[in-house]
Amino acid sequence: MPEKLLQVEALKKWFPIEGDGLLSKNQNIVKAVDDISFYIEKGETLGLVGESGCGKSTAGRVILRLIEATEGRIIIENEDIRALSSKKLKKKRKDMQIVFQDPYASLNPRLKVGQILEEPMSIHINISKKERKERVKQIMADVGLNAAYIDRYPHEFSGGQRQRIGIARALAVNPKLIIMDEPVSALDVSVQAQVLNLIQDLQAKYKLTYLFITHNLSVVKHISNRIAVMYLGKIVEISERDEFFENPKHPYSQALLSAIPKPDPKLKRQRVILNGDIPSPVNPPEGCRFHTRCPYVMDICKSVQPELKDAGNNHFVACHLESVITRKEE
Amino acid sequence: MSNVELQHNQAGLVQINRKKRWRTNASWKRFKKNKLAVFGAIVLITLLIVSVLAPILAPHNPYESTKGELGLFDVLAPPSGEHLLGTDSLGRDMLSRIIYGGRVSLTVAFVAVMIATFTGVLLGVVAGYYGKWVDTVIMRITDVVICFPVLFLAITVATILKPSLFNVIIIIGLVSWTTMTRLVRGEVLRLREMEYIEATKAMGQSDFIIIIKHILPNIMAPIIVQGTLQTAEAILTESALSFLGVGVQQPIPSWGNMLNEATSIMVLQFKPWVWMPAGFAILLTILCINFVGDGLRDALDPKEKN
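Line by line, the protein sequences are chains A and B. Just add 1432 to wherever you are in the first sequence, counting from 1, and you've got the working numbering. Just add 12 to wherever you are in the second sequence, counting from 1, and you've got the working numbering.
Structure representation (structure tokens):
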């Protein structure tokens, strides 16, 4: 069995929101991430999917301790990240990096590309200035940027090129885990494919492990080994990629998959249309979070929260219905 | 893909030099277009040069009373060839005192603003960056200082500390950092959420370096603008304090304490040359600083198009 690089156990992130009045005591809590558990094996890509506001980006940031978790354990190579002192955490950051969604906001406009890429090296890798520059050039070549651009400012690049710089920055310290927080969502479709391929090439070259956060199922299908679906702070389904796309078990996943456009106009699609909006995470529904929109809702769903249960084939689903559901589309 | 990109790269390379200083150039262009700002800048630079060269340019010693034909002091003499702006109530040459007074007023303003800017930026950055209780404490202190009537506070402190040039600088510095703190805190709050700051945190960069390298350079523009406008205010405060007699003390000339002569109704009504030049000097300087400040604000705003 392959080694697990990252293990997340019962991770919670609750944001308190203060009441309106100065003296009001009743604090509301946003349960952005509520008790999620999963693991990522070395060298694989786990796609974390969900609609906006479901807590997937928060999960990514909590894992890196950019936001402190409320509860739970984050274990990277047998070390509990949450238990590390700030000094040890700083060292550990070399192993875990992040690539952000917005290539315009993720680069300091006042620094040249060379400076941006040198910064992580100067913190973690003890090499001379000259060697650093060599390494910067090499990484720029790795991500498909002309090394002659080293003295340019971010605003002189296109969105796709900027995202390459962002990826290069994450790569600069030879991390083991990279959290990709919607790295292609802000890019043009044509550029998306290029960047996705780059991300895959780099994974093969440097034996990287990815947590790939996105709302785009086609992207996730292209890049992931396994897929986890989040809904309102909870993981509702987690499975191998092919198994997920052929046999989605959770009603929410089925609805998501039925929404993917197909490039064949003659093909008849049966869409599962969900009613209503995603409920507010401030006061999430009792029982199964999805019961307000679920087409198969039963009484038990309104009171009992379903746990992730093994459905065979390394496929876990959190649904009271799991055995009943068959795929409707075929 | 790589082919297409390579061509693109080569075409891009040619542009590097032209585009390199793009940001600075665009700002400078916008500033040049603002005629009032350019006028203000020219006047201010002239004032600075005159102040620096005061010993050379001043026709008389500003501390010495001049004697007239009869061996009497030439008191309150109207403008003439000898004294271009006349003399004051002690017979000292007005033009020389205006020139030297500018030296004092500008120094007081610049040093005080430097103190205020340093304090303001430091507190603002700390409050904005660390947030939570640090933020609350600093901002409440700021609120308290804002609530104090500046002049009243300054007069009280000046009386306790004994009025002197040095004390005026300290007092103005101590009361005028609040706007800067609020401004900087707001900017830092905005920047703190930017992804590039998060990225440097994810690298394990220390807070100090993040502030110095990533936050400060990106809030320089508002700091410069606020600092400029604050200078005008500092000159006004200095003048007010000196006018009231708790600022710069005689015989050192400052524009404020020269205005003090106008408290005599006789001077005010019949000897306008004694107080009008100082008043005009203050007016002109503040006007020009504000012109330059407004110009800088528009010029440094990245959202502004050419």
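We treat Cβ as the ideally placed atom computed from N, Cα and C, and that holds for glycine. Only a predicted model underlies this, so the values are computations on that prediction, with no experimental measurement involved.
Taking every protein chain shown into account, the CB of B/Asp-86 has 16 or more other CB atoms within 10 angstroms, so this residue is buried. Per DSSP, A/Gly-1479 is not a residue of any alpha helix (DSSP H); the beta strand (DSSP E) it occupies stretches across 1477-1481. By the CB criterion at 7 Å, A/Thr-1477 and A/Ile-1655 fall inside the cutoff.
The criterion of a C-beta distance shorter than 7 Å is satisfied by B/Val-133 and B/Val-196. About 6 Å separates the beta carbons of A/Lys-1681 and A/Ala-1743, which is inside the 8 Å limit, making them a contact pair. Per DSSP, B/Trp-287 is not a residue of any beta strand (DSSP E); the alpha helix (DSSP H) it occupies stretches across 284-312.
Close partners of B/Tyr-208 in chain A (Cβ separation under 7 Å): Ala-1537, Ser-1538, Leu-1539 and Asn-1540. Within the model, the alpha-carbon separation for A/Phe-1470 versus A/Val-1668 is close to 11 Å. For B/Gly-216, a Cβ of chain A is located within less than 7 Å of the residue's own Cβ. The continuous alpha helix (DSSP H) containing B/Gln-242 extends over residues 232-255.
In this structure, A/Gln-1737 lies away from A/Gly-1708, with their beta-carbon atoms at least 7 Å apart. Listed in chain order, the non-local C-beta contacts of A/Glu-1473 below 7 Å within the same chain comprise Pro-1434, Glu-1435, Lys-1436 and Leu-1437, local neighbours out to five positions each way being set aside.
Relative to A/Val-1531, the option among A/Ala-1442, A/Asn-1657, A/Lys-1565 and A/Leu-1496 whose CA is nearest is A/Leu-1496. Residue pairing by DSSP places A/Val-1661 opposite A/Val-1481 and A/Glu-1669 in a beta bridge. Within the segment 175-242 of chain B, complete alpha helix (DSSP H) segments of at least 4 residues are found at 177-187, 190-204 and 207-215, given in chain order. In the three-state reduction of the DSSP assignment, A/Gln-1702 falls in the coil class. Along the length of the segment 1626-1651 of chain A, whole beta strand (DSSP E) runs at least 3 residues long occupy 1641-1646, reported in chain order. By the C-beta density criterion, B/Phe-178 is exposed, having fewer than 16 other C-beta atoms within 10 angstroms.
For the segment 1519-1533 of chain A, the residues whose beta carbon sits under 9 Å from a beta carbon of chain B are, in order, Leu-1521, Lys-1522, Lys-1523, Lys-1524, Arg-1525, Lys-1526, Met-1528, Gln-1529, Ile-1530, Val-1531, Phe-1532 and Gln-1533. Within the model, the alpha-carbon separation for A/Pro-1586 versus A/Ile-1631 is close to 20 Å. In this model, B/Ala-70 and B/Ser-101 are separated by some 19 Å (Cα to Cα).
A/Gln-1593 is the residue among A/Gln-1593, A/Asp-1583 and A/Glu-1588 whose C-alpha sits nearest the C-alpha of A/Leu-1577.
Taking C-beta separations shorter than 7 Å and ignoring five residues to either side along the sequence, the partners of B/Leu-248 in its chain run Ile-298, following chain order. Counting only residues of its own chain and dropping the five nearest sequence neighbours on each side, B/Val-169 has a CB closer than 7 Å to the CB of Ile-183. Under the Cβ criterion (8 Å, minimum of three pairs), the segment 300-307 of chain B counts as touching the segment 51-68 of chain B. Each of B/Phe-43, B/Leu-118, B/Pro-263 and B/Leu-88 was checked against the Cα of B/Val-62, and the nearest Cα belongs to B/Leu-118. In chain order, Ala-211 make up the part of chain B whose C-beta sits under 7 Å from the C-beta of A/Arg-1601.
Per DSSP, A/Met-1612 is one residue of the beta strand (DSSP E) stretching across 1609-1613. Nearest neighbour of B/Leu-271 by Cα position, chosen from B/Met-278, B/Val-258, B/Pro-263 and B/Pro-289, turns out to be B/Pro-289. A distance below 8 Å between beta-carbons, with the five flanking residues on each side excluded, links A/His-1752 to the following residues of its chain, in chain order: Cys-1720, Met-1730, Ile-1732, Cys-1733, Val-1736 and Pro-1738. The three-state secondary structure of A/Lys-1523, taken from DSSP, is helix. Only residues of its own chain outside the window of five on either side were considered, and among them Val-1531, Tyr-1642 and Phe-1644 have a CB closer than 6 Å to the CB of A/Met-1612, listed in chain order. Interface criterion met: the Cβ of A/Pro-1552 is under 7 Å from a Cβ in chain B.
For B/Phe-85, DSSP records a beta bridge to B/Lys-79.
In this structure, B/Leu-228 keeps its C-beta atom at 7 Å or more from the C-beta atom of B/Gly-305. DSSP places A/Glu-1588 in the helix class (H, G or I) of the three-state scheme.
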